[in-house]
Amino acid sequence: MSPRANSAPLFDAGIVKTAAVDAVRKLSPRSLVRNPVMFVTGVVAAVVTLVFARDAVLGSPDTLFTGQIAAWLWFTVLFANFAEAIAEGRGKAQADELRKTRSDTPAKVLLHPDDANDDLWEKVSATDLRVGDVVLVEAGDFIPADGEVVEGIASVNESAITGESAPVIRESGGDRSAVTGGTEVLSDWIKVKVTAKPGSSFLDRMIALVEGAERQKTPNELALSILLSGMTLIFLIAVTTLWGLAGYSGTVLPITVLVALLVTLIPTTIGGLLSAIGIAGMDRLIRFNVVATSGRAVEAAGDVDTLLLDKTGTITYGNRLATAFIPVPGVSETELAEAALLSSLSDETPEGRSIVALAKGNYGQSETDVSGRQPTAIAFSAQTRLSGIDIDGRSVRKGAVDAVLGYAGQTMDGAASAFRDAVEAISQSGGTPLAVAEGNKLLGVIHLKDVVKPDIKARFAALRAMGIKTVMVTGDNPVTAAAIATEAGVDDYIAEATPQDKLAYIKSEQAKGRLIAMCGDGTNDAPAWAQADVGVAMQTGTQAAREAGNMVDLDSNPTKLIEVTEIGKQLLMTRGSLTTFSIANDVAKYFAIIPALFLATYPQLGALNVMQLSTPQSAILSAVIFNALVIIALIPLALKGIAYRPVGAAALLRRNLLVYGLGGLVVPFIGIKLIDLAVSALHLA
């Protein structure tokens, strides 16, 4: 689906106001020390501020210059803090939307949960619930806590969590039994066994993750931080060497000039934006309804080349649904549809409900009024594998082919050839045939099949274009697996797969140097998720499944990995591009400023003074101002990320070097020169 409609704009007024306050709060040394580059800049700003205070007291002619340098150094730190605060603010805005769904919901706790016939309950606060409590949730009630449906079936509105308006069915058993606290039951009732402690629900974890309270630096960020710290140390040595060189040559370089030069040369641009890039990457995920529990997983998603998908509930809807009625000669489709509807009225299985829906929706059938006619309903059971109805002298049955043949007193060899052909065709296509009979007369066959989610084939084609191989894993037999794989458009499939088979496949692919993503919704997928580089759990899956993955897709769309991968690639590309730009900036500023500083002592450097900066003081002030403003200018790019295009690594590298490498070299020359002209015109230095 598209990003949430309630996503905040890039610079929402409320977020900007809060971020401005947070930028000042982040001037705390305890906060700055987490970013070595900005910590050095803050220390330098404090030193220059003290020098400014001394010059002001002594009436030094350099007071105005020193004051301006101090102010712009503080602006540099504030702008970096502002970028981080904006990114955090956008995440907190998402968390506020989620928090609205969480309230002190009243809960109906069953007093005797083990007695199926006793629905006596007492009302308590949701915050008082304990793991193992069983609560009754009826139409109009909010589910008070995360849990598993242990009895009943209901339509649930999960729009507060997923953003989707269409309700979903939650029922006991299978992989659609998990429910989330804060969602609303729209019809019927369910009994829910609480599985999460107060404050540790899925919604609580989402809020904490979105706010970034639990966000840790990824290995890539840590490596880049080490690189930036190393570059800072190198430029510190370089500037100290310049001070010695200046003294040797007779040039006087005041402490203000030296420390300001240090700040302009260290990688402040990427240092100021690094944290914002990482936070914004996770924020973009939640805007696509994916919650990442690991920043490492977001980065890994950018390099995934194989996607493993569980079939049931991931590629298909999870329950086999009726798709066609195939009558035998002499029986019309309408007659078969009516018989199928009658025989399914007491069948509460998902398959039975789908038969009723097909008969009503495609064949115009309506439920027969049985009031006063004393019908006998035959409920479906695993023993008989039949369901049906006896009414007005008619006995209609529907169920497994062999069971219906036995009921009708017939054999497969003795059945009509059209009946046998229909059963064989459905079986070979990977579907499940159900027979329908009235008395000893066979009426036809119902085609049940795993229904592939819409548009999934085109989405898998898009993944293929990105260089990602799709592999379906299923416990079905090879015939059924092949049919579903062909319809879904996956590149490969593994039939009759056990959890051990999935795990072995992932290990085998990883041994070949591939990064693996695993999508699924069942508890049996947990070992594979633990081994995979990226584990995406479907929101419709079980509680255990959602806790096993390092990402949760709230829309339960397996092809969401397209967006996840693009965001991962955006994160890596944005970080790499801005790092390239920042380093190129530093090189350009070094060769733009140094000639101006030593021009008086070494006139030969005039050949390198291509910008013809007015004075050494103007050169330093202009560079410091440019250094601060470029951070503000790049905040939108850090938050939005660089647009991803499915091109090769070589083409991407060339584009990166051309746009951000060359741009990083050229922009400082232009920017510093323009600022120098303004500084000279205003007589600021």
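Take the sequence shown: its letter number 240 is residue 300 in the numbering used here, and every next letter is one higher. Beta carbons: idealized from backbone N, C-alpha and C, even for Gly.
Please check the pair residue i and residue j, which I expect to be a contact at CB under 8 Å, by giving their CB distance rounded to whole angstroms.
i: Val684; j: Ala320; result: 5 Å
i: Ile339; j: Glu144; result: 7 Å
i: Glu437; j: Ala419; result: Checking the sequence shown, residue 437 turns out to be Ala, not Glu. Contact flag wrong, Cβ pair sits at about 17 Å.
i: Val100; j: Ile326; result: 7 Å
i: Ser185; j: Pro166; result: 7 Å
i: Thr316; j: Val108; result: 6 Å
i: Met350; j: Asp613; result: Here residue 350 is Val; the residue named in the question, Met, does not match the sequence. Between Asp613 and Val350 the Cβ distance is about 5 Å, and since that is below 8 Å, they are a contact.
i: Ala336; j: Gly628; result: Wrong, their Cβ atoms sit about 17 Å apart, outside the cutoff.
i: Glu393; j: Gln425; result: Not really, about 11 Å apart at Cβ, beyond 8 Å.
i: Ile375; j: Ser403; result: So it is not a contact: roughly 30 Å between Cβ atoms.
i: Gly595; j: Asn610; result: 5 Å
i: Ala745; j: Thr675; result: 6 Å
Quick one: what does DSSP say residue i is sitting in, helix, strand or coil?
i: Glu274; result: Only weak support exists for where Glu274 lies, its pLDDT of 45 falling under 50; the coordinates are left without a value.
i: Ser232; result: coil
i: Lys733; result: helix
i: Gly102; result: helix
i: Tyr704; result: coil
i: Lys86; result: coil
i: Thr366; result: strand
i: Leu396; result: helix
i: Glu224; result: Summary for Glu224: the model assigns pLDDT 49, below 50, so the residue's position carries little reliability, and this model does not support an answer.
i: Met291; result: helix
i: Leu334; result: helix
i: Arg380; result: strand
i: Phe170; result: Checking the displayed sequence, the identity of residue 170 turns out to be Leu instead of Phe. Three-state DSSP puts Leu170 in a strand.
i: Lys183; result: strand
i: Asp343; result: helix
i: Leu673; result: coil
i: Val252; result: strand
i: Phe142; result: helix
i: Glu218; result: coil
i: Asp473; result: coil
i: Ala460; result: strand
i: Asp646; result: helix
i: Ser489; result: coil
i: Phe135; result: helix
i: Pro538; result: helix
i: Glu626; result: helix
i: Pro204; result: coil
i: Glu547; result: helix
i: Asp15; result: Summary: the structure shown does not reach residue 15, with the chain confined to residues 61 through 745, and so no result is reported for it.
i: Phe348; result: coil
i: Leu744; result: coil
Tell me which same chain residues have a C-beta within less than 7 Å of the C-beta of residue i, skipping the five on either side of it?
i: Thr409; result: Phe440
i: Ala463; result: Thr444, Arg445, Leu446
i: Gly721; result: Thr640, Ala644
i: Pro472; result: Per the sequence shown, the amino acid found at residue 472 is Met instead of Pro. Closer than 7 Å at the Cβ level, and outside the excluded window around Met472, lie Leu465, Arg480.
i: Ser232; result: Val209, Val210, Glu211, Gly212
So is residue i in contact with chain B if we call contact Cβ pairs under 7 Å?
i: Leu725; result: Here chain B cannot be found, since the structure has a single protein chain.
Near residue i, which residues of its chain fall below 8 Å by C-beta distance, leaving aside the five closest residues on each side in sequence?
i: Ala485; result: none
i: Val191; result: Val254, Thr255, Ala256, Lys257
i: Pro538; result: Ala555, Glu556
i: Ser487; result: Pro493, Val539
i: Val391; result: Leu503, Gly504
Under 6 Å Cβ to Cβ from residue i, same chain only, skipping five residues before and after it: list those, please.
i: Glu751; result: Shown here, the chain extends from 61 to 745; a query on residue 751 therefore has no answer.
i: Ser414; result: Leu381, Ala382
i: Gln591; result: Leu563, Ile566
i: Ile735; result: Ser682, Ile685, Phe686
i: Asp552; result: Val531
i: Phe112; result: Thr126, Gly127, Ala130
i: Leu92; result: Met98, Phe99, Gly102
i: Arg344; result: Ile627
i: Thr78; result: Gly149
Subject >> Entirely enclosed alpha helix (DSSP H) segments - the segment 398-457, minimum 4 residues >> reply: 410-423
Subject >> At least three beta-carbon pairs within less than 8 Å, the segment 360-373 to the segment 526-541 >> reply: yes
**OP:** Decide if the segment 633-643 is in contact with the segment 687-703; the criterion is three or more beta carbon pairs, one per stretch, under 8 Å apart.
**Re:** yes
Original post:
Is the segment 188-208 close to the segment 245-254, with three or more CB pairs under 8 Å?
Top reply: yes
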